[in-house]
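2 protein chains.
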Amino acid sequence: MTILNATHDPKLRSWVASANVAGCDFPVQNLPFGRFRPAGSQDAFRIGVAIGDQVLDLKAAGIVDTDDMNVLMAATVAERQALRARLSEGLREGSTQQAAWSQALCAQSSVELTVPCRIGDYTDFYTSVHHATTVGKQFRPDNPLLPNYKWVPIGYHGRASSIIASGQDFKRPQGQTKAPDAEVPSFGPCRRLDYELELGWFIGQGNAQGMPIAIAQAEQHLFGVTLFNDWSARDIQGWEYQPLGPFLSKNFASSVSPWLVTLEALAPFRAAFERPAGDPQPLPYLDSPDNRAQGAFSITLEVLLQTEKMRLAGEAPTRLSSTNTTRAAYWTPGQLVAHHTVNGCNLQPGDLLGSGTLSGPGASEAGSLMELSAGGKQPIVLPNGERRTFLEDGDTLTLRGYCEREGAVRIGLGEVSGTVRG
Amino acid sequence: MTILNATHDPKLRSWVASANVAGCDFPVQNLPFGRFRPAGSQDAFRIGVAIGDQVLDLKAAGIVDTDDMNVLMAATVAERQALRARLSEGLREGSTQQAAWSQALCAQSSVELTVPCRIGDYTDFYTSVHHATTVGKQFRPDNPLLPNYKWVPIGYHGRASSIIASGQDFKRPQGQTKAPDAEVPSFGPCRRLDYELELGWFIGQGNAQGMPIAIAQAEQHLFGVTLFNDWSARDIQGWEYQPLGPFLSKNFASSVSPWLVTLEALAPFRAAFERPAGDPQPLPYLDSPDNRAQGAFSITLEVLLQTEKMRLAGEAPTRLSSTNTTRAAYWTPGQLVAHHTVNGCNLQPGDLLGSGTLSGPGASEAGSLMELSAGGKQPIVLPNGERRTFLEDGDTLTLRGYCEREGAVRIGLGEVSGTVRG
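If you're matching them up, the sequences are chains A and B in order.
In this text, residue positions in the first sequence follow my numbering: the first is 133, and each later residue adds one.
In this text, residue positions in the second sequence follow my numbering: the first is 133, and each later residue adds one.
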């Protein structure tokens with residue numbers, strides 16, 4: 133159980149002026165970790181903390197002696213909390229560190245950010261019952277939501293090597309597809325290229341093989357969260373995915389945002405999760421009073437699209453959808469950790485647990501084009517008159533996320549964006 | 133295309149006498165790479181080459197300057213061939229290296245071997261049409277072999293963190309299962325614990341993201357092969373696997389043999405692969421004259437079981453089944469590489485491609501207990517009278533593999549074994 137402390141005080145302000153601007157993603161209450169280097173350099177990436185529009189270089193400030201984020205992520209909860217307290221004290225108004233730490237600041241606009249850590253294993257879950265139902269209808273009209281869904285936090289392994297940093301383009305994949313009325317499959321560029329609005333939960337301390345993590349301890353093993361876009365080739369997926377699950381339809385690229393927003397920073401945005409009336413209660417290894425009372429997190433999510441035509445015309449991205457995790461997720465992050473390890477599977481610092489596509493119940497809350505366009509049958513119309521069923525070359529897709537509530541300072545997850553190239 | 137050269141000469145003998153014994157897995161024609169350290173030590177693992185019952189320490193012999201197998205695996209084909217030629221020349225009878233290299237030898241019985249490299253991403257394929265059909269019948273009686281099977285080399289991502297070295301025990305996993313007649317799932321130890329007889333193909337040089345590897349170049353990216361046992365919890369698998377594939381039923385442990393037998397060593401054991409009459413030909417990206425003529429490899433595989441009772445009675449392991457890859461695999465290793473990257477997915481040195489369970493067409497050629505016991509309905513009877521449908525605590529399962537043909541010296545893959553603990 134996380135308890136609010138002085139680092140969450142809404143009255144705290146930073147001596148970094150940009151951190152105090154209303155709507156800023158990175159106030160002194162946030163303090164997310166990322167990896168950066170001077171833009172255009174080939175230096176090794178270093179660990180930094182986002183504050184306003186600046187990055188604090190943790191090594192230059194004498195706060196850590198490593199450039200390896202995975203080492204930092206392996207810290208105990210007590211060590212993490214101590215580090216957070218030190219950062220909060222040093223960055224707040226009136227701190228005696230101001231003179232020294234100002235020397236270790238650089239503008240975010242002057243740095244290159246990257247994938248926040250070395251990702252060992254990547255697992256993708258399927259935590260939105262709305263997404264599972266809508267997509268299930270398209271792949272299996274007679275059997276949309278499978279009988280295991282409300283018992284098993286469905287997940288599968290993904291590809292770590294092809295996870296890319298925000299801002300990095302990727303090539304439209306090629307592959308096998310088979311139209312329903314075709315006798316044999318054909319080969320060519322994906323024609324139903326989609327995004328998936330996800331969160332990426334990163335593992336901090338791991339567990340030894342054969343030693344499950346109980347739900348009561350599960351959150352101690354979560355370091356932080358990012359935005360995550362699991363680009364998907366729906367036509368390839370439909371033909372390849374049975375019986376062992378999606379493969380080439382997913383592993384050509386996934387994009388992750390640069391800033392790890394810690395569990396400590398998320399503490400004011402915890403939420404209860406009660407299952408809808410009539411749904412079975414989780415098995416004991418997935419259940420605890422704490423998990424029910426505050427195992428969920430309230431994070432607002434947005435999807436934005438900017439087509440090449442919009443970009444050339446200087447038009448801002450348009451919002452495709454928006455939802456909140458409390459409306460979308462059927463399983464809490466703690467439940468994902470407890471489930472993943474209940475068989476003895478070992479998690480390691482830097483492992484990534486994708487939430488799966490976070491679609492809320494409403495039509496405007498869908499986290500993929502497959503849902504928004506009813507499987508490609510109903511094109512969406514953009515403000516400039518362009519239409520989309522799936523993504524076209526030159527499209528830039530951006531995910532944003534933030535937490536807000538009465539009595540707390542808003543914190544942001546930043547954004548992740550990527551552009552499709554032909 | 134690999135051409136036989138002096139390193140394959142069947143007349144070659146080694147000055148390491150044990151390498152010349154008939155039936156030895158590691159004659160001078162083999163020269164597989166592994167990682168070792170003195171048994172009982174906590175030293176860093178070093179790179180060695182198996183020769184007879186000895187290991188040649190490559191750094192001590194002045195042959196490499198790294199302890200990092202992944203660095204060695206990233207070498208070009210020309211570099212690998214040069215290294216093989218040097219090892220072959222130095223280890224053969226009459227070599228001028230004998231005096232110097234003898235100082236860099238140690239007995240295999242005196243060392244600890246481990247997983248042969250740092251495994252980045254692990255993919256498991258499904259290359260035996262016989263396994264796919266038999267298992268498909270059990271999970272989907274009305275629909276055993278899915279329509280995509282003969283077109284798509286079906287594969288999915290697995291868990292790298294839980295891959296363990298030969299000889300390492302593992303704990304029987306716990307998890308959710310649901311009996312067909314039960315209303316709700318229950319939780320407890322796996323009751324249908326199985327092994328899977330597989331080969332592990334390891335990637336050498338990788339490819340850049342977005343740049344597929346053509347089938348003509350595919351084998352240049354394969355470094356070598358090991359035995360691989362993908363332990364499986366069938367009762368957990370049956371309940372969890374839809375719609376995204378197996379997850380906790382697989383990721384508690386997989387065991388890999390210590391020696392990477394190189395593509396160069398396998399050259400004399402290449403085989404043609406012709407599809408059965410009436411089967412569709414592969415799409416062009418999976419097809420080439422070379423792949424048809426010699427894209428397959430002839431490797432004989434055996435499964436051995438020793439129960440705890442047998443061990444206590446001093447009884448040798450009993451053979452459960454045996455097959456040959458040419459009878460079991462519907463796709464060649466080159467086709468797996470071409471398929472995996474055709475969408476732009478990037479492979480990296482040390483990545484592992486599991487073959488999937490290699491079951492041949494005959495009943496005695498099945499690569500899992502699920503097949504041998506007809507899904508648990510027909511127990512197999514062991515020589516001591518014990519019966520097995522699935523694995524019991526204390527059972528030790530061993531996979532062995534070797535290549536033999538007229539006119540070539542037999543080479544072995546060694547073995548991988550593991551014991552189930554309660």
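We put the beta carbon where it would ideally sit given N, CA and C, even for glycine.
Query	Result
Using 9 Å as the limit for Cβ to Cβ distance, is P312 of chain A near chain B?	no
Beta carbon of D185 of chain B, beta carbon of Q240 of chain B: below 9 Å?	yes
Tell me, which residues are paired with F319 of chain B by DSSP?	B:Q308
P170 of chain A lies in the beta strand (DSSP E); which residues open and close that run?	165-170
Output the boundary residues of the beta strand (DSSP E) element that contains L436 of chain B.	432-438
Taking DSSP as the reference, what is the three-state secondary structure of I251 of chain A?	coil
Find the nearest neighbour of W333 of chain A within the set A:Y254, A:T551, A:A448, A:E211, judged by alpha-carbon distance.	A:Y254
Taking only the alpha-carbon atoms, compute the straight-line gap between S454 of chain B and N361 of chain A and give it to the nearest angstrom.	45 Å
From E497 of chain A to T259 of chain A, what distance separates their C-alpha atoms?	15 Å
So, at 8 Å on beta carbons, what are the nonlocal neighbours of R304 of chain B in its own chain, with the 5 sequence-adjacent residues on each side left out?	P321, C322, L325, D525, V552, R553, G554
Figure out for me which residue from B:Q426, B:A448, B:P400, B:P493 has the closest Cα to the Cα of E538 of chain B.	B:P400
Identify which residue in B:R178, B:Y288, B:P142 has its Cα closest to the Cα of R542 of chain B.	B:P142
Answer yes or no: do T450 of chain A and L437 of chain A have a C-beta to C-beta separation smaller than 9 Å?	yes
Would you please verify whether the beta carbon of I347 of chain A is less than 9 Å from any beta carbon of chain B?	no
When Cβ atoms are compared, which residues of the region 324-352 of chain B fall closer than 7 Å to chain A?	Q341, G342
So is W463 of chain B in contact with chain A if we call contact Cβ pairs under 9 Å?	no
Can T394 of chain A and P164 of chain A be called in contact, C-beta distance under 9 Å?	yes
Which residues share a DSSP beta bridge with Y288 of chain A?	A:D256
Taking DSSP's pairing of strands, which residues face E330 of chain B in a bridge?	B:F360
Output needed in chain order: residues of the region 290-302 of chain A with a Cβ under 7 Å from some Cβ in chain B.	G290, R291, A292, S293, S294, F302
Is the CB-CB distance between L504 of chain A and L452 of chain A below 9 Å?	yes
For a cutoff of 9 Å on Cβ pairs, would you count C322 of chain B as touching chain A?	yes
Give the single residue among A:G172, A:S173, A:L188 whose Cα lies nearest to the Cα of I179 of chain A.	A:L188
How is A151 of chain B classed by DSSP in three states: helix, strand or coil?	helix
Does any residue of chain A have a CB that is nearer than 9 Å to the CB of A176 of chain B?	no
Check the Cβ of G567 of chain B against every Cβ in chain A and list those closer than 9 Å, keeping chain order.	Residue coverage of chain B in this structure runs from 133 to 554, which leaves residue 567 of chain B outside it and unanswerable.
Which of the three DSSP states is assigned to N202 of chain A in this structure?	helix
By the 8 Å beta-carbon criterion, what residues does the region 488-522 of chain A contribute toward chain B?	none
Is there a C-beta anywhere in chain A that falls below 9 Å from the one on C249 of chain B?	no
When you compare only the Cα positions, how much space is there between R169 of chain B and E244 of chain B?	5 Å
Who are the Cβ neighbours of A292 of chain B in its own chain at under 7 Å, not counting the five residues just before and after it?	I251, G252, D253, Y254
Comparing the C-beta of T246 of chain A with each C-beta of chain B, is any distance below 9 Å?	no
Are the beta-carbon atoms of L354 of chain A and G533 of chain A separated by less than 9 Å?	no
Drop a sphere of 10 angstroms on the beta-carbon of L359 of chain B, count the other beta-carbons inside from all chains shown, and report buried for 16 or more, exposed for fewer.	buried
9 Å is my cut-off, CB to CB: does D253 of chain B come that close to chain A?	yes
Determine the contact status of L329 of chain B and L514 of chain B, defining contact as a CB-CB distance below 9 Å.	no
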